[in-house]
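Right, one structure below, let's go through it.
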Amino acid sequence: MPKQPRNLLNSMTKILYLGTSQFSEMMNTERWQLTSGMLKNKNYIFFDFKNCKEKNIDLCELWIKSDKPNFIILEDYDWAQKLNLPIEYINADKIPVPILSFIADYWYDPKEKLEYYAKNKITGLIAIHEAANQYIRENFSQQIKKIVNIPFSIDKSEFSEEPNKKEYDVLCSGFMGDLYPLRQKIRGILKKNTKVNTNFLEHPGYWKKNGKIGLRGKDYYEVMEKAKFVISTTGLYNISVRKHIEIVCARAKIIGNTTGFGEHKVFDSFTLPLNCDMSDQQINKAIEEAVDNWKWSDEDEKKRQLILSTHGPVFIAKSLREKIGKINYE
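Position one of the sequence shown corresponds to residue 520 (the numbering used here), numbered consecutively onward.
So, in structure tokens, the structure goes:
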């Protein structure tokens with residue numbers, strides 16, 4: 520690849536993102552919200568695969584037709600697989616600008632991911648979790664030279680402007696698979712606890728089935744807003760989860776843990792910290808005391824407003840563009 524200027528960011532900087540509006544059909548619409556934020560920024564060009572029947576995409580031809588933008592972003596390998604999107608493009612080696620890709624679940628299929636990056640001349644990754652950085656350096660360094668970190672985004676309009684009455688102590692919701700052992704442990708303990716009023720909401724899955732997808736967006740947040748606490752944990756790989764953001768924006772607090780990385784520092788003050796090494800008795804006592812002492816202070820509300828303003832799709836899309844443009848590509 521020809522040498523690029525040290526800082527490519529200016530008012531004319533353009534980014535071509537190859538994604539899909541199919542994300543809007545999922546229960547977790549975070550990626551679609553980020554895409555919507557990109558669409559509101561004139562510096563992004565969105566190529567939607569949803570109605571594209573071609574599987575052999577000439578990336579260089581598309582780049583030229585898009586007026587030769589300064590950067591290209593390809594879809595996360597895992598999501599491209601799940602959504603049956605192209606994972607190999609034609610003439611990627613003819614493009615003289617940096618090509619990047621989203622990455623979320625970085626631990627899945629490392630060999631296949633590396634092949635995806637190599638075939639498509641991807642040299643930078645946009646990581647949703649800061650925990651991914653070390654893994655990327657250790658496993659993908661032969662191909663990946665740059666890492667850009669962005670947080671999850673949320674839509675401010677989906678949350679109530681005024682506080683709602685709390686109807687129960689704890690909301691237990693979300694995926695409960697083996698990826699989240701602490702989440703499973705807390706749920707099991709609360710199932711037996713008669714002192715804590717817990718609403719157990721089963722996870723319906725991420726895809727529409729027979730037109731039903733379960734609670735999501737505003738409907739889901741209205742349930743969160745009725746709880747003092749909502750369970751959310753970082754999982755086996757210490758990954759950030761969007762749920763931490765959603766909980767605080769719904770004026771509830773977190774039962775679980777945070778990553779310890781900068782992306783989660785703002786949530787520490789909202790979190791009742793628990794871990795798998797704690798006994799059932801210790802966890803029960805901690806939750807019962809936290810429920811009894813729960814309050815939402817003016818300082819909590821100030822932090823909530825900051826989170827809303829710095830995690831919106833338009834804000835994140837602008838931040839992503841700035842971070843990509845400021846990378847030293849020499």
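No residue lacks a Cβ here, since even glycine has one placed at the ideal position from N, Cα and C.
Taking the straight line between their C-alpha atoms, what separation do you get for I622 and G775?
Within the sequence shown, the letter at position 103 stands for residue 622. Within the sequence shown, the letter at position 256 stands for residue 775. Our two residues, I622 and G775, have alpha carbons roughly 24 Å apart in a direct line.
Starting from the Cα of D811, find the closest Cα among I655, E841, L791, I609 and give me that residue.
As a first step, residue 811 must be located in the sequence shown, where it is residue number 292. For the options I655, E841, L791, I609, the alpha carbon positioned closest to that of D811 is the one of L791.
Taking DSSP's pairing of strands, which residues face I609 in a bridge?
Here residue 609 is taken as the residue at index 90 of the sequence shown, counted from 1. The partner list for I609 (beta bridge, DSSP) reads D577.
Tell me whether E782 is buried or exposed, calling it buried when 16 or more other Cβ atoms sit within 10 Å of its Cβ.
Reading the sequence shown from its first residue, position 263 is the one you call residue 782. E782 should be labelled buried.
V767 versus R656: straight-line alpha-carbon distance, rounded:
For the purposes of this step, residue 767 is identified with residue 248 of the sequence shown, where counting begins at 1. For the purposes of this step, residue 656 is identified with residue 137 of the sequence shown, where counting begins at 1. For V767 and R656, the distance between alpha carbons rounds to 32 Å.
Between the beta-carbon of L578 and the beta-carbon of L701, is there less than 8 Å?
If you number the sequence shown from 1, residue 578 lands on position 59. If you number the sequence shown from 1, residue 701 lands on position 182. No; because the gap between Cβ atoms is not below 8 Å, this pair is not in contact.
Would you grab the beta carbon distance between G538 and E594 for me? Rounded to a whole angstrom, and I think it's under 8 Å.
Your numbering for residue 538 matches position 19 in the sequence shown. Your numbering for residue 594 matches position 75 in the sequence shown. So it is a contact: roughly 5 Å between Cβ atoms.
Does the Cβ-Cβ distance between K891 and E631 come in under 8 Å?
Outside the shown range of the chain (520 to 849) lies residue 891, about which nothing can therefore be said.
Kindly indicate which residue of K574, I591, P615 has the alpha-carbon position closest to the one of E607.
Indexing the sequence shown from 1 puts residue 607 at position 88. Here the closest residue by C-alpha is K574.
Determine the DSSP secondary structure at G831, reduced to helix, strand or coil.
As a working note, residue 831 is residue 312 in the sequence shown. In this structure, G831 counts as coil in the three-state DSSP scheme.
Give every residue of the same chain whose Cβ lies closer than 7 Å to the Cβ of A769, excluding the five residues on either side of it in the sequence, and list them in chain order.
Locating residue 769 in the sequence shown gives position 250, counting from the first residue. If we look at A769 and ignore the five residues flanking it on each side, its Cβ neighbours are F678, Y740, M743, E744.
For the alpha helix (DSSP H) that contains I708, what are its first and last residues?
In the sequence shown, counting from the first residue as 1, residue 708 sits at position 189. Taken as a continuous stretch (DSSP letters only), the alpha helix (DSSP H) holding I708 covers 700-711.
Close beta carbons around K640, own chain, < 8 Å, minus the five adjacent residues each side
Against the sequence shown, residue 640 aligns to sequence position 121. Non-local beta-carbon contacts of K640 in its own chain, meaning distances under 8 Å to residues more than five positions away in sequence, involve M520, A611, D612, I614, I618 in chain order.
Under 8 Å, do S540 and D567 count as touching if we go by C-beta distance?
As a first step, residue 540 must be located in the sequence shown, where it is residue number 21. As a first step, residue 567 must be located in the sequence shown, where it is residue number 48. Cβ distance < 8 Å, so S540 and D567 count as in contact.
Could you give the residue range of the alpha helix (DSSP H) that holds I618?
The residue given as residue 618 occupies position 99 in the sequence shown. Premise fails: I618 lies in the beta strand (DSSP E), 618-622, not in any alpha helix (DSSP H).
Can you have a look at L690 and say buried or exposed, based on whether 16 or more other CB atoms are within 10 angstroms of its CB?
Position 171 of the sequence shown, counted from the first residue, corresponds to residue 690. It is buried - the Cβ of L690 has at least 16 other Cβ atoms within 10 Å.
How far does the beta strand (DSSP E) with T642 in it reach, from first residue to last?
Within the sequence shown, the letter at position 123 stands for residue 642. Neither: T642 is in no beta strand (DSSP E) and is coded neither H nor E.
Run through DSSP, which three-state label would L839 get?
By 1-based counting over the sequence shown, the position of residue 839 is 320. Here DSSP, grouped into helix, strand and coil, assigns L839 to helix.
State the start and end residues of the unbroken beta strand (DSSP E) segment that holds Y536.
Taking the first residue of the sequence shown as position 1, residue 536 is located at position 17. Segment 534-538, the beta strand (DSSP E) holding Y536.
Output needed for N668: all residues of its chain with C-beta closer than 6 Å, excluding positions within five of it in sequence on either side, in chain order.
Position 149 of the sequence shown, counting from 1, holds the residue named residue 668. Excluding positions up to five away in sequence, the list reads A646, E649.
Quick one: what does DSSP say C795 is sitting in, helix, strand or coil?
Here residue 795 is taken as the residue at index 276 of the sequence shown, counted from 1. In the three-state reduction of the DSSP assignment, C795 falls in the coil class, being assigned neither a helical nor a strand state.
For the candidate residues P629, P682, M557, whose alpha-carbon lies nearest to that of L662?
As a position in the sequence shown, residue 662 is number 143, starting the count at 1. Looking at the sequence itself, residue 662 is Gln, so the reference to Leu does not match. When P629, P682, M557 are compared, the shortest CA-CA separation from Q662 is found for P629.
Straight-line gap, G556 to L535 (C-alpha atoms, nearest Å)
Looking up residue 556 in the sequence shown gives position 37. Looking up residue 535 in the sequence shown gives position 16. Going from the Cα of G556 to the Cα of L535 covers about 14 Å.
Please classify S751: does DSSP put it in a helix, a strand, or coil?
The residue labelled residue 751 in the question sits at position 232 within the sequence shown. S751: strand per DSSP, three-state reduction.
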